[in-house]
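Engineer: Once you've had a glance at the structure underneath, I'll fire off some questions.
Residue numbers (my numbering): 44 to 299.
Quick look at the structure:
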């Protein structure tokens with residue numbers, strides 16, 4: 044059997060580049076085009092494993108180590124586990140799509156039994172359809188992120204008063220009180236809520252860190268969902284988010 048090493052290398056490089064590019068776009072990683080190229084070249088070197096006599100377990104372990112090295116070369120170690128997770132996730136999704144395409148067009152069935160009839164998966168169709176499939180996957184992923192970031196109706200109960208606000212769910216808001224573990228709702232500095240008993244919660248943001256005054260409230264209702272284990276904190280700056288009064292923490296996402 045003839046093996047065209049240059050063709051196999053190109054196919055590996057092409058799909059590794061697509062997967063790394065999709066990972067970059069989904070996670071909004073700020074890396075250069077050349078790092079994607081280098082990462083794809085490193086990943087393509089795995090074709091040489093075809094010429095080694097390895098057991099299934101050995102091959103699996105080598106692939107795991109190789110994927111770790113690919114992520115480090117391409118994205119670095121800052122968000123390593125998240126990058127690795129999405130690298131595997133997108134690889135599985137693309138692999139499943141190609142497998143389904145292959146089964147649909149290169150096999151015929153009699154009942155529940157499938158037979159190959161020798162057409163093989165067309166390389167040109169594979170190279171054209173894979174970027175299109177990943178494009179729609181990335182587009183849908185971004186649409187979902189926008190959907191969970193829309194504004195919500197927020198009611199904050201303090202004593203006998205109720206404050207009706209407009210909030211936005213921010214998946215990047217991970218602020219918590221380190222002692223109680225309660226999530227913090229950030230209010231615009233223009234919102235005046237009395238804080239007879241307040242305490243400070245430390246925060247870290249991009250290129251800055253500090254403390255925010257926070258207080259406990261009776262309860263918070265977001266779109267008819269009641270949250271009792273949360274705090275309210277006053278931001279030091281005004282929001283420029285289209286009339287949004289408060290930023291809801293990422294922990295609310297599962298309930299809304």
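We treat Cβ as the ideally placed atom computed from N, Cα and C, and that holds for glycine.
Which term fits residue 162, buried or exposed, when burial requires 16 or more other beta carbons within 10 angstroms of its beta carbon?
Structural biologist: Caution is warranted here: a pLDDT of 47 is assigned to residue 162, below 50, making its placement in the model unreliable, and the coordinate value is therefore given only provisionally. Classification of residue 162: exposed, given that the 10 Å Cβ count is below 16.
Engineer: Within 10 angstroms of the Cβ of residue 227, are there 16 or more other Cβ atoms? Answer buried if so, exposed if not.
Structural biologist: Residue 227 comes out buried.
Engineer: From the DSSP output, read off the bridge partner residues of residue 244.
Structural biologist: Partner(s): 255.
Engineer: By the DSSP assignment, the beta strand (DSSP E) with residue 291 in it spans what residues?
Structural biologist: Here the beta strand (DSSP E) through residue 291 covers 289-291.
Engineer: Assuming residue 82 is part of the alpha helix (DSSP H), what are its boundary residues?
Structural biologist: Where residue 82 is concerned, the enclosing alpha helix (DSSP H) stretches over 76-87.
Engineer: Please classify residue 4: is it buried, with 16 or more other beta-carbons within 10 angstroms of its beta-carbon, or exposed?
Structural biologist: A query on residue 4 cannot be resolved here, the shown segment of the chain reaching from 44 to 299 and no further.
Engineer: On a CA-only basis, which of 243, 63, 91 and 183 is nearest residue 125? Give me that one, please.
Structural biologist: Taking only the C-alpha atoms, the option nearest residue 125 is 63.
Engineer: Output the boundary residues of the alpha helix (DSSP H) element that contains residue 117.
Structural biologist: Segment 99-118, the alpha helix (DSSP H) holding residue 117.
Engineer: Taking all protein chains shown into account, decide if residue 267 is buried (16 or more other Cβ within 10 angstroms of its Cβ) or exposed.
Structural biologist: The residue is exposed, with fewer than 16 neighbouring Cβ atoms inside 10 Å.
Engineer: Buried or exposed: where does residue 217 fall if 16 or more other Cβ atoms within 10 Å of its Cβ makes it buried?
Structural biologist: With fewer than 16 Cβ atoms within 10 Å of its Cβ, residue 217 is classed as exposed.
Engineer: Determine the burial state of residue 199: buried for a count of at least 16 other Cβ atoms within 10 Å of its Cβ, exposed for fewer.
Structural biologist: Flag for residue 199 reads buried.
Engineer: Any idea if residue 235 is buried or exposed, counting beta-carbon neighbours within 10 angstroms, 16 or more meaning buried?
Structural biologist: Residue 235 should be labelled exposed.
Engineer: Taking the straight line between their C-alpha atoms, what separation do you get for residue 262 and residue 202?
Structural biologist: Between residue 262 and residue 202, the C-alpha separation is close to 10 angstroms.
Engineer: Can you tell me whether residue 292 is buried or exposed, with buried defined as 16 or more other CB within 10 angstroms of its CB?
Structural biologist: Classification for residue 292: buried.
Engineer: Does DSSP put residue 218 in a helix, in a strand, or in coil?
Structural biologist: DSSP places residue 218 in coil when its eight states are reduced to three.
Engineer: Going by DSSP, which residues form a beta bridge with residue 211?
Structural biologist: BP columns for residue 211 point to 194 and 290.
Engineer: Could you say which of 140, 92, 232 and 206 lies nearest to residue 282 if we only look at CA atoms?
Structural biologist: Checking every option, the nearest Cα to that of residue 282 belongs to 232.
Engineer: Within the same chain, show all residues whose beta-carbon is closer than 8 angstroms to that of residue 70, passing over the 5 residues directly before and after it, in chain order.
Structural biologist: So the qualifying residues of the chain are 122, 125, 126 and 129.
Engineer: Starting from residue 96, trace the beta strand (DSSP E) in both directions and tell me its first and last residue.
Structural biologist: Run containing residue 96: none; DSSP gives neither H nor E here.
Engineer: Would DSSP call residue 278 helix, strand or coil?
Structural biologist: Residue state, collapsed to three classes: coil.
Engineer: With DSSP run on the structure shown, which of helix, strand or coil describes residue 58?
Structural biologist: Helix.
Engineer: Note down the Cα distance separating residue 133 from residue 85, rounded to an integer number of angstroms.
Structural biologist: So the two alpha carbons sit approximately 18 angstroms from each other.
Engineer: Are the Cβ atoms of residue 1 and residue 170 separated by less than 9 angstroms?
Structural biologist: As displayed, the chain neither begins before 44 nor continues past 299, which places residue 1 out of reach and without an answer.
Engineer: For residue 61, collect the residues of the same chain with a Cβ closer than 8 angstroms to its Cβ; drop the 5 residues on either side in sequence, then sort them by chain order.
Structural biologist: So the list reads 137, 173, 174 and 177, once near-sequence residues are dropped.
Engineer: Just tell me which of 277, 247 and 212 has its CA closest to the CA of residue 241.
Structural biologist: Ranking the options by Cα distance to residue 241, first place goes to 277.
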